[in-house]
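Heads up, the sequence shown stops at 240 in the UniProt record's numbering, and the numbers go up one at a time, no gaps. Just below is one structure, and these are the notes that go with it.
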Amino acid sequence: MLDPATGWFEIAQVPYYSIDKVKEDKDDFIDKTSARISLIFEQTWLSRYPRPEEVDCDNGSEFKLHFMTLLKDFDIKPRPTKAENPQGNSPVERVHQVVQNMIKTKQLDSFEFDYIDPWGPILSSVGWAVRASYHSTLQATPAQLVFGRDMMFNLSKAIDWKAITERKRKQIACDNERENAARISHQYKVGDRVLKTTNRILRKFSKKKSDPHQIIAIHTNSTVTIQKGVTQDRLSIKTY
């Protein structure tokens, strides 16, 4: 869980055991149900910090049903990412790489895991390190932005939010320019017919692209709505 404004970070372990399965002495599994994820989100974030106006998440099944009900109960607007557009959740995806690299330094082969809370010590140290790490765009650590002081030293930190906003804007523009450097400039319009690339594993001689679909609406966030038979689908299409 990540606050995009300050970079404040929380990480929690998804239980590896279901109590019902333990009682029945059945095979263990990861309890990644929407009910479990909702409980973790409420206990780890909503009960600690001011409630956000919006929550970004991907389209996994764990963010359906109970999770959407939780957001509705707290009057929080859900913003699931569009299909096949991982960039929509890029801050969290980037932190995943950092977490993976940090866990690799823990020498897990020789690490003594606690039976009750095996990942607690590791995740707490990873979380602390991310909160105390200097961010080049923010030019501060997440902890300094949240608390106005350093995590390790008794030093205060003056925050210039206007300068941070301007640096973020420039960084986003630079990233977009780099990403779209090889793209062919084209402005989509209503009535155009487009092909949708298939990213899944295909059988031999299967088509890599779908049949043409007509664009019925264009939106300002680089997405379009296409007509697929009797249904509609909203996709991310770069138009730079």
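Every residue gets a Cβ at the ideal spot worked out from N, C-alpha and C, and that includes glycine. These numbers come from a predicted model, not from an experiment.
Going by beta-carbon coordinates alone, are residue i and residue j separated by less than 9 Å?
i	j	result
residue 194	residue 218	no
residue 79	residue 55	yes
residue 2	residue 92	yes
residue 76	residue 51	yes
residue 7	residue 190	no
residue 34	residue 53	no
residue 157	residue 167	no
residue 47	residue 70	no
residue 236	residue 60	no
Helix, strand or coil for residue i per DSSP?
i	result
residue 79	strand
residue 33	coil
residue 183	coil
residue 239	With a pLDDT of 45 at residue 239, under the threshold of 50, the modelled position of this residue cannot be trusted; read the value that follows with caution. It is coil, neither helix nor strand.
residue 195	coil
residue 1	coil
residue 209	strand
Roughly how many whole angstroms lie between the Cα atoms of residue i and residue j?
i	j	result
residue 169	residue 90	15 Å
residue 66	residue 175	35 Å
residue 31	residue 140	36 Å
residue 153	residue 142	15 Å
residue 44	residue 12	7 Å
residue 197	residue 224	15 Å
residue 165	residue 114	43 Å
residue 221	residue 109	46 Å
residue 151	residue 116	29 Å
residue 177	residue 136	19 Å
residue 171	residue 96	20 Å
residue 102	residue 122	9 Å
residue 9	residue 192	42 Å
residue 124	residue 49	18 Å
residue 163	residue 138	9 Å
residue 233	residue 187	19 Å
residue 4	residue 229	37 Å
residue 111	residue 100	16 Å
residue 133	residue 210	45 Å
residue 73	residue 42	11 Å
residue 120	residue 98	17 Å
Determine whether the Cβ of residue i lies closer than 9 Å to any Cβ atom of chain D.
i	result
residue 107	Of the protein chains in the structure, only one exists, and it is not chain D.
Mind checking which residues open and close the beta strand (DSSP E) that includes residue i?
i	result
residue 150	Note, residue 150: premise wrong, no beta strand (DSSP E); not H, not E.
residue 213	213-218
residue 138	That residue, residue 138, is in no beta strand (DSSP E); it is neither H nor E in DSSP.
residue 54	54-57
Starting from residue i, follow the alpha helix (DSSP H) in both directions and report where the run begins and ends.
i	result
residue 73	65-73
residue 226	First-last for residue 226: 223-228, but that is the beta strand (DSSP E), not the alpha helix (DSSP H).
residue 93	90-104
residue 128	120-131
Any idea which residues DSSP pairs residue i with across the strands?
i	result
residue 234	225
residue 111	According to DSSP, residue 111 bridges with nothing at all.
residue 189	Beta-bridge pairing links residue 189 to no other residue.
residue 9	2
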